[in-house]
Structures are given as C-alpha cells and as structure tokens.
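Trainee: Before anything else, here's the structure in question.
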Amino acid sequence: NDMPVAHNQTDIEDFEVYTNEPADCKWSHLDQSYDNMEEEMSCSSSILDMNAQMLYKCSTTLTGIKNRQDNKFFIRCKDKPLETEDRNENKESYEFTLIGTQELVIDKVLPNETIKDSSDSVKVTLEARTSAGYNEGNSTCYYSETENDYIMFFETNSYKHSQDLWLTQGNYNYFIKCVDLGGNTDTKKVSFNVETDRGAPIVARAYHEETHLKLVTNEEAKCVYDTKNCNYLFDEGVSLKVIDKVNHFVDWDTKKKLYVKCKDKYDNQPSPSQCSIVAKAFKNRKKS
Numbered sequence: 034n035d036m037p038v039a040h041n042q043t044d045i046e047d048f049e050v051y052t053n054e055p056a057d058c059k060w061s062h063l064d065q066s067y068d069n070m071e072e073e074m075s076c077s078s079s080i081l082d083m084n085a086q087m088l089y090k091c092s093t094t095l096t097g098i099k100n101r102q103d104n105k106f107f108i109r110c111k112d113k114p115l116e117t118e119d120r121n122e123n124k125e126s127y128e129f130t131l132i133g134t135q136e137l138v139i140d141k142v143l144p145n146e147t148i149k150d151s152s153d154s155v156k157v158t159l160e161a162r163t164s165a166g167y168n169e170g171n172s173t174c175y176y177s178e179t180e181n182d183y184i185m186f187f188e189t190n191s192y193k194h195s196q197d198l199w200l201t202q203g204n205y206n207y208f209i210k211c212v213d214l215g216g217n218t219d220t221k222k223v224s225f226n227v228e229t230d231r232g233a234p235i236v237a238r239a240y241h242e243e244t245h246l247k248l249v250t251n252e253e254a255k256c257v258y259d260t261k262n263c264n265y266l267f268d269e270g271v272s273l274k275v276i277d278k279v280n281h282f283v284d285w286d287t288k289k290k291l292y293v294k295c296k297d298k299y300d301n302q303p304s305p306s307q308c309s310i311v312a313k314a315f316k317n318r319k320k321s
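Numbered according to this note's numbering, the sequence shown spans residues 34 to 321.
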C-alpha cells in the first residue's frame, strides 16, 4: 500500500487480498457499497484452498492506473458466498493506494575526459545525477563494463551517486543503470581515458618579456627557484609568478642565476639534485 509503480504502468496483475473466511470481494475506483462496486475478484472458498495462515485468497487485476498521481482503489467483501441472504459485508472499504510516477532520468554521468595521475593505478570516480521518477530522482545506480553484470554503486540511494575505481592506463567504457522504487529505469554510457604521467614538466621556452624573465612550461605547473644550485627542496624555493598555469614570470635581474624547478599537479618534479632549467638574465648590448 502507498507504493509507487513504474511510469506508464496501467495495471497490476495478480493483485491479492486475503480474508479470514470464504467471501466474495469486489473493488472500485470509488468508495461505494459492495453491490455498486463494478469489479469482481476471483475468490477461493474451499477449505482446501486455505494457506498456511488459514486465510482465503481473492485475486484480480487492478486497472486504470495513471501517471503522476495517487491511484486509489476501494475493496469490500461479503461473506457466505454460497448463500443469497443474511450475508455480512464490510461497513467500510479497505483503501489501497498506488502512486503513479514519471520517467526516471539520468541527467549526467562522469567522467567524460582523460584522467591522469603519476601512479600505475589511477583513481577514477564514476558519478551520476538522477531526477524525476519517484521521489525527485531518488534511486539506486549500478555500473557494468559489459552491460550485463551490474554492480551497485558504493554511494547511492539518492539523486547523487558515486563509485571509486582504481584503473590502469587505457580506454574505458562503462554502462550506468539507475532504478527507482517504482521500477523506473534509465541507462547511460560513459567513456573516458586513463593515463599515467610520471614525467616532470619541461620548460619549453625562456625569454625576456618587458621587465621579466618568462618561462613557458609544456603543461600546467608550479615553478620555484634558488640562486645557489639545484640541490634544494622544492618547498624551500622561491615561487615564480604564474599566469594560466603555464606562463611563469620573475624579475629580469642580470645579477642572479636562477636554478628553477617545476612540478605538475601529480607532484612530478626533477630529481633532488636536478633542475628544470638554469637561467640567467643578460645585459642588453648598447648599439653603437
């Protein structure tokens, strides 16, 4: 009772009610007397038909279920099915409600890009966002590489779903399926690449720009320098100013030799005694 059903499901087959004695039962969309109810149920009346709880079964198909609304069914029964008079019937209907729903929608699946890290096994987080369906997208999501054997997400039973995976370098396709309490289902495919990056950033260019020495790296990086040698800890270096994460600037100073180290977001950096580049500003020669 008070349970959701799938979008566009118009009937419930093999719906059953149980009585404590042989009876005739009917149902209707309206709360009315037994005699005025339109739909008859098929009821067992033999003592041989009792179940283990000593109850008699009546079955029917509930029809007329509508989407996006509460569907009420009213049930009444009358005892002594083999008699025509002196029969007792329910004074009040038993009310049964089924909740019509709408389609469940997977709005977004992630990742949809290349995932990089410096390790052989790279952490990848599958994500899904759901909406509509029953209870504003609240559902359970599963993932599969084959579209057959699905595994439930670790974080799910909400409208936000996530699952951490540890994957080696390569191309991947995953199928994501979400199901809500009403049985509404949606499926999406997500594709992404995994790469292992162990190389430190490379300083591709170094030149004089206005009042600065400008260094350009081949990937997003943070750069620092020391004025003595390359044998220093990265965290002890002096940071260069950075724009767009690949353009690095320091004052143009002809008195200093700069021992520069650069590292990327995966913490790839030169060996402790090595630099990314050693640079020194020079004096412009005066034209004669």
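The beta carbon of each residue, even a glycine, is placed where N, CA and C say it ideally should be.
1) Please list the segments of the beta strand (DSSP E) lying wholly inside the segment 176-200, counting only runs of 3 or more residues, in order along the chain.
2) I98 to N121, Cα distance in whole Å?
3) Can you confirm whether the segment 151-159 touches the segment 195-204 when touching is taken to mean that 3 or more C-beta pairs between the two stretches lie within less than 8 Å?
4) Which of the three DSSP states is assigned to E269 in this structure?
5) Return helix, strand or coil for I98, following the three-state DSSP convention.
6) Can you give me the Cβ contacts of G203 inside the same chain, cut-off strictly under 8 Å, excluding the 5 residues immediately before and after it?
7) Buried or exposed: where does K255 fall if 16 or more other Cβ atoms within 10 Å of its Cβ makes it buried?
8) Of all the options Y167, L95, D64 and Q86, which has the alpha carbon lying nearest to the alpha carbon of T43?
9) Quick check on the burial criterion: 16 or more other C-beta atoms within 10 angstroms. Buried or exposed for V271?
10) Work out the CA separation of E180 and N217 for me, nearest whole Å.
11) By how many angstroms is the C-alpha of Y205 removed from the C-alpha of Y240?
12) For D35, count the other beta carbons within 10 Å of its own beta carbon; 16 or more makes it buried, fewer makes it exposed. Which is it?
13) Which same chain residues, not among the five before or five after M4, have their C-beta less than 7 Å away from its C-beta?
Mentor: Checking against the coordinates, here is how it stands:
1) 193-200
2) In the sequence shown, counting from the first residue as 1, residue 98 sits at position 65. In the sequence shown, counting from the first residue as 1, residue 121 sits at position 88. Rounded to whole angstroms, I98 to N121 spans 30 Å at the Cα level.
3) Under the Cβ criterion (8 Å, minimum of three pairs), the segment 195-204 counts as touching the segment 151-159.
4) Your numbering for residue 269 matches position 236 in the sequence shown. In the three-state reduction of the DSSP assignment, E269 falls in the helix class, which pools H, G and I.
5) Position 65 of the sequence shown, counting from 1, holds the residue named residue 98. Reduced to three states, the DSSP call for I98 is coil.
6) Translated into positions along the sequence shown, residue 203 becomes position 170. Result list for G203: N226 and V227, in chain order.
7) Translated into positions along the sequence shown, residue 255 becomes position 222. Answer is buried; the Cβ neighbour count reaches 16.
8) The residue labelled residue 43 in the question sits at position 10 within the sequence shown. Answer by Cα proximity: L95.
9) As a working mapping, residue 271 is identified with position 238 in the sequence shown. Classification of V271: exposed, given that the 10 Å Cβ count is below 16.
10) Against the sequence shown, residue 217 aligns to sequence position 184. Against the sequence shown, residue 180 aligns to sequence position 147. Looking at the two C-alpha atoms, the distance is approximately 17 Å.
11) Locating residue 240 in the sequence shown gives position 207, where the first residue counts as 1. Locating residue 205 in the sequence shown gives position 172, where the first residue counts as 1. Roughly 41 Å between the two C-alpha positions.
12) As a working mapping, residue 35 is identified with position 2 in the sequence shown. Per the 10 Å Cβ criterion, exposed.
13) Coverage of the chain is limited to positions 34 through 321, which leaves residue 4 absent and any answer about it impossible.
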